[in-house]
Amino acid sequence: MRKLNKDRAFKGLTAFLALILFLLSVGILYKLIYSSRLSFEAFGFSFIFSREWDPVQKLFGALPFIWGTFVSSTLALVIALPISIGIAIFLVELAPRWMRQPVSFTIELLAAIPSVIYGLWGLFVLAPIMQNWIEPFLGKYLGFSPFFKGYPLGVGMLTGGIIIAIMIIPTISSISREVLSAVPGHQKEAALAIGMTKWEALWRVMLPYGKSGITGAVLLGYGRALGETMAITMVIGNTPSLSLSLFDPAYTIASVIANEFTEATYELYIASLIELGLILFVITFILNAFARFLLWRMKRFEEVRP
Amino acid sequence: MRNILILTLTLTLVIAFGITSAAEIINGAGATFPYPLYSKWFYTYEKSTGVKINYQSIGSGGGIQQVKAGTVDFGASDAPLPKEEIDKHGLIQFPMVSGAVAVIYNLPGIPIGLKLTSEVVADIYFGKIMKWNDQRIKEINPNLRIPELPIIVVHRSDGSGTTNIFTWFLSDVSNEWKTKVGSGTSVKWPVGIGGKGNEGVAGLVRGTKGAIGYVELAYALQTKMTYAILRNKDGNYVYPTLETTQAAAANASIPPDFYVRFTYAKGKDSYPIAGFTYLILRKNMDRNKLSTILKFVEWAYKNGDRDAKELSYVPIPETVKTKVLTELKKL
């Protein structure tokens, strides 16, 4: 009887904690909507599609920031994903035993570095390297495409994407490593036993087995990329533009909020910045929902398959 | 035994709270630009008088909002508030110290002292002059071998009083700037890339050949940046220094609401990009706290100049100090 009560109490407690988190999210959403109503009244839905951001004329539009956030995060993911999966595979399958612990510890340590440090490193070390070596090289050989055009500034979308990629690699790789090491040994052994090479076992058995876990890792990384503020603010160039070229400076939602919120002196200005926050919230929500949908479809597809 | 313990604890608590409420604590919040100086002043002032002043450098915008809402005793802002704003919320503002903005650049082989006219600076920030070896720059620097580099314009990306002063200056110089871009803590820049904070702008300029930017004078001096000498309204080329900033402030006209703007000021020694940083109070604030703040302002005006100069801030002219104290005493 006593035991039952304890169980009940524990269940109640955990339910309460989960509820708090849910209420917090709802509260944030409500507050974001409420505080941005001034900007919504002034601009309506054109806020999302307008390219104008002029605090002096009191005109605000979010498009360049949405674009910058989306492109920089996606770029970061494109760079980080193969590297992270590679690291995870190496650590689980290929690395000699004595190397595994020190290397994974070092990678996890990277996650603990404050983002302002990444930002300053990006500005003082990475940006000059990009400007003097990498961007001229890319411009020379890939300059025919619209993505690598323009003067190499050192700061811009590409440098921003690389900085974020470096920051999300620890997240994605350490979760992927956990996921891969959780693949049951008999699965792998069975694959090897029927004559698969290591490569085939990896691609046909282990990675598909860990698919949903790895998707979770990617989502966490992407979430961090979308919301990353300090580091990217230092290196993205902070210019609201809609350029295709990765050399050009851009601007993200999180950066403009961090840059301008402290000195926003009138209410419409503050409301517009908060509406940007709301848009970021919604984008994150949609991406999460989309990823869940993908997972759900993959699962269903597998179940239907004979 | 237990009772004694409780009694002692209670007494200690009572005494402790008694002491803290007896000592005066003033809370303020706002601008980041004067923060190093303010914290030094508040520290010295507490040591000599026992009055504690807390200051949070959360940015001018936050400082203005909090003083309006009454959550702090004073706000601090790099830009003065317009008269309507002051009247509407029953506030009073007054300058504490001034600062100047230096135009910094990165041109290989060219040390401190590239000459620029104010008009050229404006046209560079407009994107009209795009190369360093432009005829207009070469003409005023006949003795320098200016490299053939594109000009990379750098500005502050975060809202800041420095940007406010700099865009005031550009608006004074160029009518087109005034109508098309205007002035403020953040503006819509026609060209260029944004760096966060002084360190961001300085970092971009240092790392990019052909870059031009603007930072607070104190920052430029402390980090040994190469800065330009500018032609002022009277046609003289002046270095940004404490003296030339003071010369500009001395020529400013001071209206009763202290909305002072002395960018592109007259006078042969005046440096053209400078401004005051302000404290803001509510007129109907607690009388005791008001008199405490008043005492502090008097003290800072009298004893604070040495600290200010040490940290590369520029003291405000004596005439302005007298005017402020007269106004404050009317409250």
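First to last, the protein sequences are chains A and B. Everything in the first sequence is counted per the numbering used here, starting at 1 for the first residue and increasing by one. Everything in the second sequence is counted per the numbering used here, starting at 307 for the first residue and increasing by one. Note that the Cβ used here is the ideal one computed from N, Cα and C, for glycine as well.
Taking 9 Å as the threshold, the shortest C-beta distance from D54 (chain A) to chain B falls below it.
DSSP places G336 (chain B) outside any alpha helix (DSSP H); the residue lies instead in the beta strand (DSSP E), whose first and last residues are 331 to 336.
Non-local C-beta neighbours of I107 (chain A) in its own chain, meaning closer than 8 Å and more than five positions away in sequence, comprise I87, I169, P170, S173, S174, ordered along the chain. A distance below 6 Å between beta-carbons, with the five flanking residues on each side excluded, links I236 (chain A) to the following residues of its chain, in chain order: G160, A250. Take the alpha-carbon of I535 (chain B) and the one of F285 (chain A): they are about 52 Å apart.
In the structure shown, the three-state DSSP call for H186 (chain A) is helix. Each of B:I457, B:D440, B:S477 was checked against the Cα of F568 (chain B), and the nearest Cα belongs to B:S477. By the rule that beta-carbons nearer than 9 Å mark a contact, E200 (chain A) does not touch chain B. Within the DSSP bridge table, the entry for S404 (chain B) names B:F582, B:V620 as partners.
The beta carbons of Y411 (chain B) and I560 (chain B) sit about 33 Å from each other, so the pair does not count as a contact at 8 Å. The count of Cβ pairs closer than 8 Å, one atom from the region 175 to 193 of chain A and one from the region 240 to 249 of chain A, stays below three, leaving the stretches out of contact. Contact with chain A is found for G465 (chain B), since one of that chain's Cβ atoms lies less than 9 Å from the residue's Cβ. Contact annotation: in the region 408 to 428 of chain B, no residue has its CB less than 8 Å from a CB in chain A. Among the residues of chain A, none has a CB under 7 Å from the CB of K636 (chain B); the nearest is roughly 27 Å distant. Residue environment for E352 (chain B): exposed (fewer than 16 other C-beta atoms within 10 angstroms of its C-beta). Around K494 (chain B), the beta-carbon contacts reaching into chain A at under 9 Å are E52, W53, D54, P55, V56, Q57, L59, P240. For I370 (chain B), the nearest beta carbon of chain A is closer than 9 Å to its own beta carbon. DSSP places I168 (chain A) in the helix class (H, G or I) of the three-state scheme.
DSSP places F380 (chain B) in the uninterrupted beta strand (DSSP E) bounded by 380 to 383. In this model, V155 (chain A) and P414 (chain B) are separated by some 20 Å (Cα to Cα). Under DSSP, W53 (chain A) takes part in a beta bridge, and its partners are A:F60. The Cβ of Y222 (chain A) sits no closer than 9 Å to any Cβ of chain B. With a cutoff of 9 Å on beta-carbon distance, A337 (chain B) and G376 (chain B) are scored as not near each other.
Around the CB of S345 (chain B), fewer than 16 other CB atoms lie within 10 Å, so the residue is classed as exposed. When C-alpha distances from I66 (chain A) are compared across A:Y222, A:L81, A:S241, A:I113, the shortest belongs to A:S241.
Across the region 506 to 520 of chain B, CB contacts with chain A closer than 7 Å involve G506, G509, L510, G513, T514, in sequence order along the chain. A Cβ-Cβ distance of about 13 Å is found for the pair F40 (chain A) and G61 (chain A), leaving them out of contact under the 8 Å criterion.
If you draw a 10 Å sphere on the C-beta of N481 (chain B), you find fewer than 16 other C-beta atoms in it, and that means exposed.
Taken in chain order, the members of the region 352 to 384 of chain B whose beta-carbon sits within less than 7 Å of a beta-carbon on chain A are I364, G365, S366, G367, G368, I370. Between S492 (chain B) and T473 (chain B), the alpha-carbon positions lie close to 9 Å from each other.
Taken in chain order, the unbroken stretches of alpha helix (DSSP H) that lie wholly in the region 411 to 498 of chain B and span 4 residues or more are 424 to 432, 441 to 446, 467 to 479, 481 to 486.
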